[in-house]
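Protein sequence lines correspond, in order, to chains A and B.
Letter by letter, the first sequence follows residues 1 to 450 of our numbering.
Letter by letter, the second sequence follows residues 1001 to 1450 of our numbering.
The structure appears right after this line, and notes come after that.
Protein chains: 2
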Amino acid sequence: MNDTVKEQYFELLRFESIGADPLKLRDCAECANWLKRWLEEAGFKGELLMPDIKDSKASPPILFAEKKGSEGAPTVLIYGHYDVQPPDPLSEWKTPPFVPTEIGGRVYCRGAQDDKGQFFAFLTGVTDFLASLGTDAPRPTIKVLLEGQEESGSGALIQMAESIRRKIAADVLLVSDTSAATGLRPAIVAGLRGVSSFTVRLTGPSRDLHSGHYGAVAPNPAQAIAEIVSSLHNADGSIAVDGFLSGIELPSPEELAAAEESADPEEVWSADIGCEAVGGEKGRSIVERNSFYPTIEVNGIHSGYGGAGSKTVIPSEAFAKISMRLVPGQSVTAVREAVIKHLEAHCPRGMKLSVEDYRLGAGGFRLPLSSPLFRLASDVLGEMDPRGAVYQWDGASIPVVSILKDVAGASALIVGWGQAEDKIHSPNESYSFEQFAKAREWGRRILAAL
Amino acid sequence: MNDTVKEQYFELLRFESIGADPLKLRDCAECANWLKRWLEEAGFKGELLMPDIKDSKASPPILFAEKKGSEGAPTVLIYGHYDVQPPDPLSEWKTPPFVPTEIGGRVYCRGAQDDKGQFFAFLTGVTDFLASLGTDAPRPTIKVLLEGQEESGSGALIQMAESIRRKIAADVLLVSDTSAATGLRPAIVAGLRGVSSFTVRLTGPSRDLHSGHYGAVAPNPAQAIAEIVSSLHNADGSIAVDGFLSGIELPSPEELAAAEESADPEEVWSADIGCEAVGGEKGRSIVERNSFYPTIEVNGIHSGYGGAGSKTVIPSEAFAKISMRLVPGQSVTAVREAVIKHLEAHCPRGMKLSVEDYRLGAGGFRLPLSSPLFRLASDVLGEMDPRGAVYQWDGASIPVVSILKDVAGASALIVGWGQAEDKIHSPNESYSFEQFAKAREWGRRILAAL
């Protein structure tokens, strides 16, 4: 990496662009402006889209930039996000979280990888590609969309997407926000699960009650939340919500085979998580459970006393935070309907049920393995690495990508260069110069190939 | 109430004797010393018993005082506690919590009722009785035992009880720490449930995990705690733990009839708690459920995210705080065995189970309605109030009373003058002069009658 690129990368990392923190709005705006200037120097025309959302706090700006290409050439849309996770817990950082620090071929900094490092490396590859072109050479139209709220749900961009449909229309959507396989082997993400989430709250007595005076008289919300949460799954771990699974599209034999081939064995999962890998439905493989079936996960459950010793109280309310990973064929609204119907049918006696903060998010998608775009990408990645690329169906979700590819009318190509040791979202996030170079090379090569 | 008694009552209330707070140990000791002097002025011989518990922090002293009576006369043991609940939340107090304040015939102060007001009123009745006696009149031996840890479990006194068996031996144990019936109608507590408690913890993954990457791979402790907690009850609300109910002594037809007679109707309970009174087992009356059957109550359940919005995490652990109200015939150790066996048998896949901080507490008891002591008390209370006394089997527990009556070899007589509007354990606790006068009269009359 030459000094100029490194200097620019480090400058970008120094912005404390924590998109979810209203106190960092200014840092986000400065970061977006810096990126706008950087793209303009590379020949793009940039603009900051200021989200105008009535019922929300001010949001970080969305940067859109475009460099027109040749008549008849394809249009690519490059998506990334300049916001980063909060650096907490600060005490666990070995270097200051917003001071990029080189140690042993890696750069330590919040955002070094996710996603500043990944998209910036890709964009430097794009400028490498542009610099390599002769003056009159045909070239694609390149659009860049960088948002500042991905880590907190991409609310503004998702809300704005329809209104900028023409602006972001493209043939191909390029995303650099995922991981390569073990050992930095190239990986094409061929599917992502969708995600919806909500809070279920049960209210019983109008105040906390003495568990002796009122025990077995007042219904107990702490027990009730346990019952209603338990009702979501059967004893074999399968989902017990009527209609939840209806319409799901199961993987083709080719997809399943490709996924099983690149999957880690169960022992690797167990060693990673520190307990048996026995989540989900009995009798299905880890790949099936994690890549191709939906889940309902309890992210939190809370009611009553949680301190030291004992407090003999019947709490007045209880809640659970629940998220669902969705697969192709499931409609987010049909899922919502099925889940709410189930909760209402299973509301324990004496409880008032409320389903709050239901976020539809986005559905899951799988991309056709046999598409020309995947064959092209596979060839390019094969040139970069003799091992060739693997396909991955990650159990996670990038809701904004689900939505952008549909609104932009684009085929999505999701290739990233993360590795587990990057520790994104954790203290001491880092990205290696080797990874940066791969991402940059990928940017240059795929633009040239399209 | 004459000025001297009121002055002394208010002095007693000003001690910030929060027995559970190590920073208030000195206040507790000063309070105990004040009470010792007060009793010595009334002719008692007092001593402070300093609990010597190796594995615990220093505890508030236990005050024991005795005034020898005539040869052959009975011995009574008066139990009370000078410790009070913490005053939190402070912001909800309308007057300073440790400044006794008279408003409309009531005294507002933490401890105004529970239990400083109740036992002090009773003791002034005892001194009224002593003052009324002729010099040579026969009189009972009177022992007074006032502890400073009732609100946090009476740990020191329970541990010490056996070693002071001879000191506290008595024919009758008098306790003023309960409530009268609605409208201040006298009530004799004919039974109390026992209580045991514990924390159950489930540990799964070694760290919090991303619910997308690991969903349906890693087992989820938040879901697992819901399942194991649900397993404690059947769908009809009955207890599902094998062996939990074995040996329980059901009430006699006379006890059940007396309890049903003095019970509030369901509408009163529902209005009080602000929701339907549908806790406990279907098909049993409220009196059966609350007075004569045991319960397993979830006092708290906690795991994972509880903040605003959504955090898609699989938590690494979960716990529930559970307490059980026990009835006569249940052994606290047999119950512990049954519960732990049940939890182990129902531990969800992939989870490590631990049962922590198991407190055996004490068993429940019921006193024979036909005893001479109850007939005597009933007569005395009938003289005080033309409505006569009712019998109550409160669903609550005073573990130390279960233990003291057994160790002292005494028949227990539990009569108190609390009312719901006293708001004990809540901000703005109070006690009326009318209640104080009743408690005082009761102390004088019952001592004279014994």
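Glycine residues also receive a C-beta, built at the ideal position from the N, C-alpha and C atoms.
Please read these numbers as outputs of a predicted model, since none were measured by experiment.
Residue i versus the options, residue with shortest Cα-Cα distance
{"i": "Pro1294 of chain B", "options": "B:Asp1088, B:Tyr1391, B:Gly1395", "result": "B:Gly1395"}
{"i": "Gly1247 of chain B", "options": "B:Leu1447, B:Val1335, B:Val1390", "result": "B:Val1335"}
{"i": "Val195 of chain A", "options": "A:Arg166, A:Met384, A:Val332, A:His233", "result": "A:Val332"}
{"i": "Val390 of chain A", "options": "A:Ala412, A:Pro265, A:Glu255", "result": "A:Glu255"}
{"i": "Asp1171 of chain B", "options": "B:Gly1191, B:Ile1142, B:His1342, B:Gly1155", "result": "B:Ile1142"}
{"i": "Asn1033 of chain B", "options": "B:Met1001, B:Ser1262, B:Gly1148, B:Asp1208", "result": "B:Gly1148"}
{"i": "Thr1101 of chain B", "options": "B:Ala1156, B:Ser1432, B:Arg1444, B:Pro1251", "result": "B:Ser1432"}
{"i": "Pro1348 of chain B", "options": "B:Glu1383, B:Pro1221, B:Asp1236, B:His1210", "result": "B:Pro1221"}
{"i": "Leu1373 of chain B", "options": "B:Ile1446, B:Ala1271, B:Glu1047, B:Arg1185", "result": "B:Ile1446"}
{"i": "Gly1350 of chain B", "options": "B:Leu1369, B:Leu1146, B:Trp1038, B:Pro1219", "result": "B:Pro1219"}
{"i": "Leu457 of chain A", "options": "A:Val200, A:Ala258, A:Ser211, A:Asp88", "result": "Outside the displayed range of chain A (1 to 450) lies residue 457 of chain A, so it cannot be described from this structure."}
Nearest-angstrom beta carbon gap, residue j and residue i [assumed within contact, 8 Å]
{"i": "Thr1178 of chain B", "j": "Gly1418 of chain B", "result": "6 Å"}
{"i": "Leu1453 of chain B", "j": "Tyr1082 of chain B", "result": "Any answer about residue 1453 of chain B is impossible in this case: the structure gives chain B only from 1001 up to 1450."}
{"i": "Val14 of chain A", "j": "Glu429 of chain A", "result": "Correcting the residue identity first, residue 14 of chain A is Arg in this sequence and not Val. Contact doesn't hold; Cβ gap of about 14 Å is too wide."}
{"i": "Pro1060 of chain B", "j": "Leu1025 of chain B", "result": "6 Å"}
{"i": "Ala957 of chain B", "j": "Leu1367 of chain B", "result": "The requested residue 957 of chain B does not occur in the structure, where chain B is confined to residues 1001 to 1450."}
{"i": "Ile403 of chain A", "j": "Ala362 of chain A", "result": "5 Å"}
{"i": "Pro1328 of chain B", "j": "Glu1249 of chain B", "result": "4 Å"}
{"i": "Gln1118 of chain B", "j": "Ala1439 of chain B", "result": "6 Å"}
Min CB distance residue i to chain A below 7 Å
{"i": "Asn1299 of chain B", "result": "yes"}
{"i": "Asn1220 of chain B", "result": "yes"}
{"i": "Pro1051 of chain B", "result": "no"}
{"i": "Thr1333 of chain B", "result": "no"}
{"i": "Gln1024 of chain B", "result": "According to the sequence displayed, residue 1024 of chain B carries Lys and not Gln. Chain A, which has no Cβ nearer than 7 Å to the Cβ of Lys1024 of chain B, makes this no."}
{"i": "Gln1458 of chain B", "result": "Because chain B spans 1001 through 1450 in this model, residue 1458 of chain B falls outside it and cannot be assessed."}
{"i": "Gly1043 of chain B", "result": "no"}
{"i": "Ser1211 of chain B", "result": "yes"}
{"i": "Gly1215 of chain B", "result": "yes"}
is_contact[residue i, chain B] using C-beta, thresh 7 Å
{"i": "Gly274 of chain A", "result": "yes"}
{"i": "Tyr305 of chain A", "result": "yes"}
{"i": "Pro205 of chain A", "result": "yes"}
{"i": "Gly443 of chain A", "result": "no"}
{"i": "Ser252 of chain A", "result": "no"}
{"i": "Ser154 of chain A", "result": "no"}
{"i": "Asp55 of chain A", "result": "Bear in mind that a pLDDT of 45 at Asp55 of chain A, under 50, signals an unreliable position, so the number given afterwards is only what the model happens to contain. For Asp55 of chain A, the answer is no, since every Cβ of chain B falls outside 7 Å of its Cβ."}
{"i": "Lys524 of chain A", "result": "Coverage of chain A is limited to positions 1 through 450, which leaves residue 524 of chain A absent and any answer about it impossible."}
{"i": "Lys321 of chain A", "result": "yes"}
{"i": "Arg366 of chain A", "result": "no"}
{"i": "Gly105 of chain A", "result": "no"}
{"i": "Gln223 of chain A", "result": "yes"}
{"i": "Arg325 of chain A", "result": "yes"}
Residue j beta carbon less than 7 Å from that of residue i
{"i": "Ala449 of chain A", "j": "Phe129 of chain A", "result": "no"}
{"i": "Val1076 of chain B", "j": "Pro1140 of chain B", "result": "yes"}
{"i": "Gln330 of chain A", "j": "Ala187 of chain A", "result": "no"}
{"i": "Glu1151 of chain B", "j": "Gln1223 of chain B", "result": "no"}
{"i": "Ile168 of chain A", "j": "Ala345 of chain A", "result": "no"}
{"i": "Ile1424 of chain B", "j": "Ser1303 of chain B", "result": "no"}
{"i": "Arg284 of chain A", "j": "Arg193 of chain A", "result": "no"}
{"i": "Gly300 of chain A", "j": "Pro1205 of chain B", "result": "no"}
{"i": "Lys6 of chain A", "j": "Gly43 of chain A", "result": "no"}
{"i": "Ala263 of chain A", "j": "Val298 of chain A", "result": "no"}
{"i": "Ala410 of chain A", "j": "Val1217 of chain B", "result": "no"}
{"i": "Val355 of chain A", "j": "Phe244 of chain A", "result": "no"}
{"i": "Lys1311 of chain B", "j": "Gly1237 of chain B", "result": "no"}
{"i": "Met160 of chain A", "j": "Pro51 of chain A", "result": "yes"}
{"i": "Trp1093 of chain B", "j": "Pro1427 of chain B", "result": "yes"}
{"i": "Ala320 of chain A", "j": "Val229 of chain A", "result": "yes"}
Chain D contact for residue i (CB, 7 Å cutoff)
{"i": "Gln159 of chain A", "result": "No chain D appears in this structure, whose protein chains are A and B."}
Residue i beta carbon near the ligand FMN (any heavy atom closer than 6 Å)
{"i": "Leu1048 of chain B", "result": "No copy of the ligand FMN occurs in the structure displayed, which carries no ligand at all."}
Subject >> Short-range partners of chain A found in the stretch 1163-1192 of chain B, where Cβ spacing is below 7 Å >> reply: none
Original post:
Got a sec: which bits of the stretch 1266-1292 of chain B sit with their beta carbon under 8 Å from any beta carbon on chain A, in order along the chain?
Top reply: Trp1269, Ile1273, Gly1274, Cys1275, Glu1276, Ala1277, Val1278, Gly1279, Gly1280, Glu1281, Ile1286, Arg1289, Asn1290
**OP:** Would you list, in chain order, the members of the stretch 1124-1156 of chain B that have their beta-carbon closer than 7 Å to a beta-carbon of chain A?
**Re:** none
Original post:
For the stretch 1337-1350 of chain B, which residues have a beta carbon sitting closer than 8 Å to at least one beta carbon of chain A?
Top reply: Arg1349, Gly1350
Original post:
Any residues in the stretch 395-428 of chain A with a beta carbon nearer than 7 Å to a beta carbon of chain B? Which ones, in chain order?
Top reply: Gly395, Ala396, Ser397
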